[in-house]
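Chemist: What follows is a structure written as structure tokens; I'll ask about it next.
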Amino acid sequence: MKIELTDFIFKPIGFKHQFENDEAREEFLSAKFQTTVLFCPSCNGERFFTAIHYTDTLDITIIHSTNKHKVTSDNSIKRIQFACACAKSCIEIFLETTSNSRIVKVEQYPDIADFDRSINRNAIKMASRRAVISS
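As structure tokens, this is what we get:
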């Protein structure tokens, strides 16, 4: 199964992927300018989101405390930011690299629900039904 960096946006926290070796993992992480189509809440439509920012994150306190995955100091956290061309919406994923050629998704901000058109449509429908019922 070939996995793309953008696939991690749709994976749950704690998702793991094993690579053949550390070199294959690093080559995978170095792939820049990958794109995916997401619903942009700012544009109110489907737009291309491009991986524009990639850093090693030393300050792991940005990882939410609700995360059950334990990050060790021996491992590295990679922060990848995907942004819409409107420059108002972006999504960040945090991936931990481990010594056994693995990547673990440890956090994402904001939640993918904000960028999934079907979820947004359903939320709007539910909110409008509640408004009608309470009127």
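Just add 892 to the spot in the sequence shown (first one is 1) and you have the working numbering. Here a beta-carbon is modelled for each residue, glycine too, at the ideal position from N, C-alpha and C.
(1) Should Q1067 go down as buried or exposed, given a rule of 16 or more other Cβ atoms within 10 Å for buried?
(2) Would you mind working out which of T947, I983, H909, D914 sits nearest T927, comparing C-alpha positions?
(3) Residues in its own chain within less than 7 Å of T989 by CB, not counting five upstream and five downstream?
(4) Secondary structure at T953, three-state DSSP: helix, strand or coil?
(5) Using DSSP bridges, identify the partner residues of E938.
(6) On the criterion of 16 or more Cβ atoms from any shown chain inside 10 Å, does H956 qualify as buried, or is it exposed?
(7) Can you say whether F986 is buried or exposed, counting buried as having 16 or more other CB atoms within 10 angstroms of its CB?
Modeler: In this structure, then:
(1) Since the first residue of the chain shown is 893 and the last is 1027, residue 1067 is not available in this structure.
(2) Checking every option, the nearest Cα to that of T927 belongs to I983.
(3) Closer than 7 Å at the Cβ level, and outside the excluded window around T989, lie R917, N967, S968, K970, I995.
(4) Residue placement at T953 is poorly supported in this model, since its pLDDT is 49, which falls under 50; the coordinates are not used for a value here.
(5) Its beta-bridge partners are F931.
(6) Bear in mind that a pLDDT of 44 at H956, under 50, signals an unreliable position, so the number given afterwards is only what the model happens to contain. With fewer than 16 other Cβ atoms within 10 Å, it is exposed.
(7) Buried: at least 16 other Cβ atoms inside 10 Å.
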